[in-house]
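Remarks on the structure that follows.
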Ligand SMILES: [Zn+2]
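Residue numbers (our numbering): 3 to 308.
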């Protein structure tokens with residue numbers, strides 16, 4: 003049998019390629035097959051049919067799914083939760099308390115996403131509301147995966163004010179959401195995921211938290227499993243610091259976004275390596291080259307103003 007959407011990436015762990023809007027290697031969900039199937043990330047509304055095909059491929063009966071944990075409520079991670087729950091009659095969504103109001107009433111999230119993401123928000127699709135009794139709001143805690151195995155929740159804000167990370171005990175890997183950057187499997191590198199509002203200090207503390215958990219792997223929502231987890235997290239801290247230093251200097255000199263970006267591209271060797279790919283990518287050219295730089299600029303301006 004040829005598997006279209008799923009791939010085994012660890013013990014009891016499968017990745018589902020969501021192929022949102024036809025884009026491969028952009029967004030994925032994960033399925034932990036413990037006592038009960040446990041989903042990480044619903045992904046966007048528009049790719050819920052592909053996630054469901056993935057579950058069928060993995061022989062996961064929809065009524066068996068107890069939990070869908072979302073790292074945060076941005077459209078590409080938790081935006082599809084409402085649409086997904088219609089197919090999973092017994093599932094509840096695990097989310098940070100600050101994310102919960104947006105699951106219950108996604109209207110504001112949708113209009114702000116349209117502003118920040120532009121045409122990309124249409125590719126992801128509009129979120130549908132989730133009813134309150136189907137939401138579990140947590141910042142820390144553990145969930146039972148059976149046979150003494152568990153999923154541990156850690157609050158890792160910075161990318162968003164409500165980002166959670168999850169560590170599974172089958173393999174010891176972590177689902178960081180967007181707390182550890184975007185992984186480009188084509189190049190085996192990580193680049194910043196820092197759209198506004200981005201909180202650098204919080205992001206760096208969260209990375210320290212993740213390093214202290216000694217993960218054996220990182221399961222990126224964008225995109226896929228990466229080894230050398232601790233080294234990658236440390237490198238990502240340095241990369242964020244580099245972008246922050248360049249932006250701080252640029253803002254002081256009243257430079258434009260384009261001028262600041264040029265310096266980042268010149269000084270961050272990872273960006274040099276992937277530039278052609280990112281420039282010609284319809285989504286990444288908007289998110290990485292524009293929104294992520296803007297996140298740093300707004301962060302620096304806000305810091306200087308306060
Ligand atoms: Zn994301």
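The beta carbon of each residue, even a glycine, is placed where N, CA and C say it ideally should be.
- Going by DSSP, residue 280 is part of the alpha helix (DSSP H) stretching over 271-281.
- For residue 240, the enclosing alpha helix (DSSP H) covers residues 231-254.
- In this structure, ligand 1 has a non-hydrogen atom nearer than 7 Å to the beta-carbon of residue 223.
- Rounded to the nearest whole angstrom, the CA to CA distance from residue 264 to residue 252 is 11 Å.
- Closest in alpha carbon position to residue 42, among 67, 205, 158 and 304, is 67.
- Three or more Cβ pairs drawn from the region 104-111 and the region 129-142 lie within less than 8 Å of each other, which places the two stretches in contact.
- Residue 214 and residue 124 have their alpha carbons spaced roughly 38 Å apart.
- Under the three-state reduction of DSSP, residue 56 is assigned to helix.
- The beta carbon of residue 221 lies closer than 6 Å to those of 32, 175, 177 and 227 in the same chain, with the five residues before and after it left out.
- For residue 117 and residue 168, the gap between their C-alpha atoms comes out near 29 Å.
- Proximity of the beta carbon of residue 195 to ligand 1 is indicated: a heavy atom of the ligand is located closer than 7 Å.
- Residue 104 has its Cβ no nearer than 7 Å to any heavy atom of ligand 1.
- Ligand 1 never approaches residue 270 closely enough for any of its heavy atoms to be under 7 Å from the residue's Cβ.
- Of the residues 14, 289, 13 and 17, the one whose Cα lies closest to the Cα of residue 197 is 289.
- Counting every other CB atom within 10 Å of its CB across the protein chains shown gives residue 92 a total below 16, marking it as exposed.
- Ranking 239, 76, 60 and 48 by CA distance to the CA of residue 86 puts 48 first.
- By the Cβ test, the region 134-152 is not in contact with the region 183-190, since fewer than three Cβ pairs between them sit closer than 8 Å.
- Per DSSP, residue 71 is not a residue of any alpha helix (DSSP H); the beta strand (DSSP E) it occupies stretches across 69-71.
- With 16 or more neighbouring CB atoms inside 10 Å of its own CB, residue 235 falls in the buried class.
- Assignment of residue 135 by DSSP, reduced to helix, strand and coil, places it in the helix class.
- Rounded to whole angstroms, residue 57 and residue 83 show a C-alpha spacing of 15 Å.
- In the DSSP assignment, residue 151 is bridged to 148.
- Bridge partners of residue 39 according to DSSP: 35.
- Distances from the CB of residue 76 to the heavy atoms of ligand 1 include at least one below 7 Å.
- Setting aside the 5 residues that flank it on each side, residue 296 is surrounded in the same chain by 197, 198 and 259, each with a C-beta closer than 8 Å to its C-beta; the list follows chain order.
- Taking residue 170 as reference, the option from 6, 27, 26 and 36 with the minimal CA-CA separation is 36.
- Excluding the 5 residues flanking it on each side, residue 237 has same chain C-beta neighbours closer than 8 Å at 192, in chain order.
- Nearest to residue 262 by C-alpha distance, out of 217, 271, 245 and 275, is 245.
- Residue state for residue 268 is assigned as helix, using DSSP reduced to three classes.
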